[in-house]
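Start counting the sequence shown at 73; every next residue gets the next number (my numbering). Note that the Cβ used here is the ideal one computed from N, Cα and C, for glycine as well. Notes follow the structure.
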Amino acid sequence: MSELSNEQSTAHQNECDALRSIEKARLLALVERKVELAAPLHAADFQLITPVGMTLSKDQYLGAIAAGGLIYNAWDPKHIEVRLYEQVAAIRYQSSMQVTFGPHQIPRAEYWHTDLYEKRNGAWQVVWSQATGVQAIT
73 MSELSNEQST AHQNECDALR SIEKARLLAL VERKVELAAP LHAADFQLIT PVGMTLSKDQ
133 YLGAIAAGGL IYNAWDPKHI EVRLYEQVAA IRYQSSMQVT FGPHQIPRAE YWHTDLYEKR
193 NGAWQVVWSQ ATGVQAIT
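Here is the structure:
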């Protein structure tokens with residue numbers, strides 16, 4: 073594989089930084105329950121796999137947030153790693169989250185997040201998202 077030119081490397085880094093910004097904007101919109109801001113960042117065929125293994129479509133996920141059935145009380149991401157492949161990007165990061173799901177208050181805990189983004193019609197959208205709880209080994 074050949075090395076990227078300085079110009080290509082800068083463009084690649086700028087695109088990676090843009091993806092980090094998009095993910096942070098998506099998280100903020102979800103925490104603030106601003107579904108109208110979050111919706112365009114999610115592809116029509118978006119799927120979330122929750123830490124307990126539930127699968128939610130875009131409509132189910134954003135609908136639960138809009139209705140107050142799913143509330144992100146805190147979602148604090150650490151450094152977001154990006155793997156960029158032209159029109160597809162995989163991102164991964166750890167975060168500290170506190171969630172209310174229906175009547176259940178889930179205490180603040182650490183999670184790993186892996187998300188697949190695709191560039192569609194010139195805009196990045198998350199297509200797949202998976203969260204995994206970090207378990208302390210004693």
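Using only the alpha-carbon positions, how far apart do residue i and residue j sit?
i	j	result
Ser-167	Gln-80	30 Å
Val-160	Lys-191	6 Å
Met-126	Asn-86	34 Å
Ser-129	Thr-82	35 Å
Asn-193	Arg-180	37 Å
Ala-46	Val-103	The structure shown does not extend to residue 46, since the chain spans only 73 to 210, so no value can be given for it.
Ile-121	His-84	29 Å
Arg-105	Gly-174	15 Å
Apart from the five residues just before and just after residue i, which ones in its own chain have a Cβ nearer than 6 Å to its Cβ?
i	result
Trp-200	Gln-119, Leu-188
Ala-206	Note that residue 206 is Val in the sequence shown, not Ala. Here the set comprises Glu-182.
So the beta strand (DSSP E) residue i belongs to, where does it begin and stop?
i	result
Glu-265	With the chain represented from 73 up to 210, any question about residue 265 goes unanswered, as that position is not in the structure.
Gln-119	114-121
Ile-163	160-173
Evaluate residue i with the Cβ neighbour count: other Cβ atoms within 10 Å of its Cβ, from every protein chain shown; 16 or more gives buried, anything less gives exposed.
i	result
Ile-209	exposed
Val-198	buried
Ala-101	buried
Tyr-157	exposed
Please go through the same chain and pick out, in chain order, the residues whose beta-carbon is closer than 7 Å to the beta-carbon of residue i, but skip the five residues on each side of it.
i	result
Val-154	Cys-88, Leu-91, Arg-92, Ala-161, Ile-163
Arg-98	Ala-110, Leu-113, Val-198
By Cβ distance, which residues of its chain are closer than 8 Å to residue i, with the 5 residues on each side in sequence left out?
i	result
Thr-149	Per the sequence presented here, residue 149 reads as Pro, with Thr not at that position. Correct list, in chain order: Glu-95, Lys-96, Leu-99, Tyr-165, Gln-166, Ser-167, His-185.
Between the stretch 164-183 and the stretch 142-152, do at least 3 Cβ pairs fall closer than 8 Å?
yes
Taking 8 Å as the cut-off, does the stretch 83-99 touch the stretch 185-202 (at least 3 CB pairs, one atom from each stretch)?
yes
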